[in-house]
Every structure is written in structure tokens, then in C-alpha cells.
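Below: the structure, in C-alpha cells.
In our numbering, the protein residues as written are 31 to 92.
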């Protein structure tokens with residue numbers, strides 16, 4: 031597409047990035063939740079950073 035305006039390109043990229051975030055956030059949050067205890071997950075606010083229970087939770091699940 032020759033001659034496409036910079037504003038149109040910016041909007042297209044912004045929409046694509048937003049779509050990626052919408053798809054990637056639940057996957058990221060599922061991983062983060064798997065690194066916390068159940069009590070931590072059930073208490074607000076929801077944690078957004080990985081916890082210290084990764085090995086314990088995965089060894090118990092497997």
C-alpha cells in the first residue's frame with residue numbers, strides 16, 4: 031500500500047498491539063496464578079507478579 035498515511039499506520043499498529051495484549055494477558059495471568067497459593071489468589075487485589083510457590087504447585091499437580 032504505497033502512500034499510506036502515518037496516522038493510519040499508527041492506528042493499525044495500535045489496534046494490533048491491543049489485540050495481542052487481549053490474547054496474551056489471560057495466558058500470562060494463568061501462569062502467575064499457578065505460582066501462588068489458593069489463598070493468595072482468592073484475596074483481592076489479584077497478584078500481577080509471579081509468586082514463590084511455582085515448584086510446590088507444579089510438583090503437587092504432577
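From the three backbone atoms N, C-alpha and C, an ideal C-beta is built for every residue, glycine too.
By how many angstroms is the C-alpha of residue j removed from the C-alpha of residue i?
i          : j          : result
residue 82 : residue 34 : 48 Å
residue 39 : residue 90 : 48 Å
residue 86 : residue 64 : 10 Å
residue 74 : residue 55 : 18 Å
residue 78 : residue 49 : 19 Å
residue 94 : residue 36 : Residue 94 is absent from the model: the chain starts at 31 and stops at 92.
residue 51 : residue 84 : 24 Å
residue 53 : residue 66 : 22 Å
residue 47 : residue 61 : 21 Å
residue 70 : residue 92 : 21 Å
residue 68 : residue 76 : 11 Å
Which same chain residues, not among the five before or five after residue i, have their C-beta less than 8 Å away from its C-beta?
i          : result
residue 72 : none
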